[in-house]
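From first to last, the protein sequence lines are chains E and Z. Residues in the first sequence are numbered consecutively from 74, following the numbering used here. Residues in the second sequence are numbered consecutively from 263, following the numbering used here. All residues carry an ideal CB built from backbone N, CA and C; glycine is no exception. Everything numeric in this text was worked out from a predicted model, so none of it was measured.
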Amino acid sequence: MTDLLEARAVTKVFGGGMGGRRMIAVEDFSLAIADQPPSITALVGESGSGKTTLARLLLGLIDPTEGEVLYKGADIRTLSGSNLREFRRDVQVIFQDPFEAYNPFYRVDHVLETPVLNFGLAGSRREARRMIEETLRIVGLRPEETLGRYPHQLSGGQRQRIMVARALLIRPRVIVADEPVSMVDASLRATILTSLRELHDKFGISLIYITHDLTTAYQVSQNVIVLYRGLIAEAGDVEKVVGDPKHPYTRLLIGSIPHPDPNRTWKGEGAPSAEGARATDNSCRFAPRCPAAMAICCESAPPLFRTDAHQAAACFLYREGDVVSGAEIGEIMIPSDGPSVAHAPIAESAEIRPDA
Amino acid sequence: MGKKRPDVRNNTILEVRDLRVYYHTSLGAVRAVEGVSFDLRAGERLGLVGESGSGKSTVAMALMRLIKPPGRIESGQALFEGSDLLALPEQQMRRRRLAAIALVAQGAMNSLNPVIRVRRQFADALRDHGVALTRSALEERIHELLATVGLGPEVADKYPHELSGGMKQRVVIAIAISLRARVIIADEPTSALDVVVQRQVVETLRRVQEKIGASILLVGHDMGLMAQVVDRLGVMYAGALAEVCGVGAIFREPLHPYSQLLIASLPTLDRKGAFQGIPGLPPSLLNRPRGCSFRSRCPHAMERCESEAPNLREVRPDHFVACHLYQTSAPRRELQTALGD
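Encoded structure:
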């Protein structure tokens with residue numbers, strides 16, 4: 074079966090022209106999102122890991138230097154006419170900053186009405202209004218307190234939930250959420266993440282959840298891909314990757330998370346302090362910081378080795394395992410536990426805690 | 263951390279009483295900080311945690327006397343080494359900044375001057391405070407300070423843009439301790455850093471604080487970071503302290519309903535789905551409602567909460583809560599009188 078959205082050996086290089094320095098933001102990345110069953114995949118990485126570049130590649134906002142991004146089997150660069158519209162409708166995005174996503178001169182209604190009109194989702198103004206109100210309730214907002222307002226009259230959490238509502242309104246098949254909660258306070262973060270999960274559970278929408286925060290990735294997703302400087306460091310079942318991390322980088326990342334528990338303090342030594350150290354092109358990019366680095370790590374870059382049925386790490390510590398090629402990465406992922414529902418009509422929805 | 267700290271209970275170094283800071287806008291006064299009182303004890307790390315708009319950064323800025331118009335310190339005291347920081351003439355306050363009370367600001371890596379080398383940033387700070395050193399003594403001092411935060415002497419020759427975020431933040435910490443300030447106010451010192459670097463920076467901060475015996479007021483929004491770093495924690499909500507107690511106590515048994523919900527809203531790596539948002543929003547600081555500012559979101563709100571704002575009282579030894587739920591029996595002490603004089 075053809076996947077809904079697929080990245081096939083995608084590389085993105087910035088710069089390099091006119092003698093400038095080449096920056097490989099993403100290298101040889103593959104990922105396939107099937108339409109059914111819906112899935113939730115987290116892409117986790119720190120700044121400079123290439124996670125936002127990946128989001129932009131998957132959305133077709135930038136073109137890959139090598140490789141291709143496919144929508145229902147067709148390179149998205151070749152889409153036009155109705156196919157392009159379909160892609161634009163099926164693949165939605167939630168950006169990080171709910172303060173920059175709005176035009177301050179329009180009421181928030183505009184953000185919600187535009188897609189309804191553009192995609193002809195409603196037959197009449199009244200129906201459009203009904204759909205919008207319905208969708209706002211789904212993300213926990215009261216329409217009467219939300220519609221008719223300007224963005225500055227709403228909190229960051231409310232704005233971000235309107236973005237979730239907008240994405241949902243269009244009834245996409247997959248939502249790329251790029252750090253959707255990093256600018257939101259803790260008490261609202263949980264509510265928004267719950268809304269996102271419900272999009273998957275109730276409406277059968279797949280999610281690509283991009284974040285720097287492994288904790289929320291663990292809470293939201295089934296599978297996780299940990300990125301380090303543009304490459305996959307580790308991938309697989311989130312329970313495996315978090316519970317028994319294999320790659321030294323994943324271990325460092327998990328060891329650095331400040332647990333909200335004073336009895337569970339940071340253990341052991343902090344990170345080997347080689348920030349800024351640059352690896353060469355043909356070595357493991359993590360080697361300069363790696364406590365387990367071996368001679369081989371400086372000679373060639375490790376491919377992904379399978380460490381378990383549903384886990385793989387790009388680290389020579391596991392070179393006994395089978396090499397997992399980009400095309401095989403789907404086999405590492407655990408099959409979705411999500412409902413295999415057909416495109417659920419929004420009207421059947423139950424509400425999620427209106428509260429704002 | 264984890265290790266027993268000496269009892270510093272009555273060894274207060276900074277005593278903040280009834281601090282009020284308002285921002286005067288065309289719509290009226292935004293009462294950002296409305297009656298905050300706490301003690302910072304010698305050698306301790308006290309956290310001030312809160313969500314955006316809770317007033318935590320305003321408290322930090324007020325203690326440094328760096329509130330800019332339309333903001334204004336309306337009232338309050340900050341007693342430090344025998345004088346009230348809030349009442350000092352600007353010239354005297356200026357001398358105390360850095361020398362006695364130092365700030366590691368939010369996004370501090372952008373507080374370095376981008377066009378001068380790290381060495382001069384140190385030299386300027388020292389010279390402004392009357393430290394006259396020979397060239398070689400100054401060089402030695404700078405290298406020593408850099409070494410304290412885990413940086414090599416070569417960093418002195420660099421411009422800020424040549425350093426990573428974590429390195430810049432460590433330079434800022436080295437400057438903050440350069441005159442051995444008694445109090446370091448760190449306002450979200452790591453909020454722009456990745457977790458791995460955050461850990462390094464925070465551990466650096468803790469190490470230098472212990473080395474020079476300073477006290478830290480750590481202001482932030484991340485409960486996880488607070489759990490790892492501070493000895494005591496104050497939870498702020500809508501411009502006031504909801505709860506102040508030992509960090510162990512607040513995670514073990516939070517008393518204020520807001521603290522309880524805040525802790526329950528934190529995602530962990532242990533149990534999936536075990537976190538929940540807090541319904542509702544904080545009140546407008548322009549038109550503060552009467553009574554308790556948390557009551558509209560509080561599952562335990564009572565009639566009394568609508569008419570009367572609860573005071574911060576000590577309901578258990580060294581555990582202060584501003585909530586009517588715990589004020590049925592006679593309070594141990596009210597903060598105002600308890601730690602006053």
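Ranked by Cα distance from T323/E, the first of L304/E, P335/E and R337/E is L304/E.
A365/E sits exposed, since fewer than 16 C-beta atoms from the chains shown fall within 10 Å of its C-beta. For the region 522-545 of chain Z, the set of positions with a beta-carbon nearer than 8 Å to some beta-carbon of chain E reads L523, L524, I525, S527, L528, P529, T530, L531, K534, G535, F537, Q538, G539, I540, P541, G542 and L543 in chain order.
For the 8 Å CB-CB criterion, L130/E and V164/E do not form a contact.
In the structure shown, K534/Z adopts coil according to DSSP, grouped into three states. Against chain Z, a Cβ distance below 9 Å from A263/E picks out A526, S527, L528, P529, F537, Q538, G539 and I540. In this structure, P331/E lies near Q490/Z, with their beta-carbon atoms less than 8 Å apart.
Across the structure, S228/E and L276/Z are spaced so that their CA atoms are roughly 34 Å apart. For V117/E, the closest alpha carbon among the candidates R337/E, T288/E, G394/E and C388/E is that of T288/E. In this structure, I447/Z and V470/Z do not form a Cβ contact; the two beta carbons are roughly 14 Å apart against a cut-off of 8 Å.
One alpha carbon belongs to I335/Z, the other to T287/Z, and they sit about 14 Å apart.
Contact of S329/E with chain Z by beta-carbon distance below 9 Å involves D456, V457, V458, V459, Q460, R461 and Q462.
The beta-carbon of P333/E is placed less than 8 Å from the nearest beta-carbon of chain Z.
Per DSSP, the continuous alpha helix (DSSP H) segment holding C567/Z begins and ends at E565 to S569. Within the same chain, Cβ atoms closer than 6 Å to the Cβ of L347/Z are found at A340, the five residues on either side in sequence being excluded. Using beta-carbon distances, F300/Z does not count as an interface residue toward chain E, since no partner is under 8 Å.
According to the DSSP assignment, Q165/E belongs to the beta strand (DSSP E) that extends over V164 to I167. Excluding its 5 nearest sequence neighbours in each direction, R392/E has C-beta neighbours in its own chain below 7 Å: F378, listed in chain order. Under DSSP, S314/Z forms no beta bridge with any residue. 8 Å or more divides the Cβ of P541/Z from the Cβ of R552/Z. Shown here is that no member of the region 277-291 of chain Z has a Cβ falling below 8 Å from a Cβ of chain E.
A Cβ of chain E is located within less than 8 Å of the beta carbon of V509/Z.
Every unbroken stretch of the alpha helix (DSSP H) spanning 4 or more residues and falling wholly within the region 275-337 of chain E is given here in chain order: 287-293, 311-316 and 321-329. The alpha carbon of G333/Z has as its nearest neighbour, out of L455/Z, Y284/Z and L365/Z, the alpha carbon of Y284/Z. One alpha carbon belongs to N336/E, the other to G486/Z, and they sit about 11 Å apart. Of the other Cβ atoms in all chains shown, fewer than 16 fall within 10 Å of the Cβ of L134/E; this residue is therefore exposed. Around the Cβ of P408/E, a 10 Å sphere holds fewer than 16 other Cβ atoms; the residue is exposed.
Secondary structure at E100/E: strand, using DSSP grouped into helix, strand and coil.
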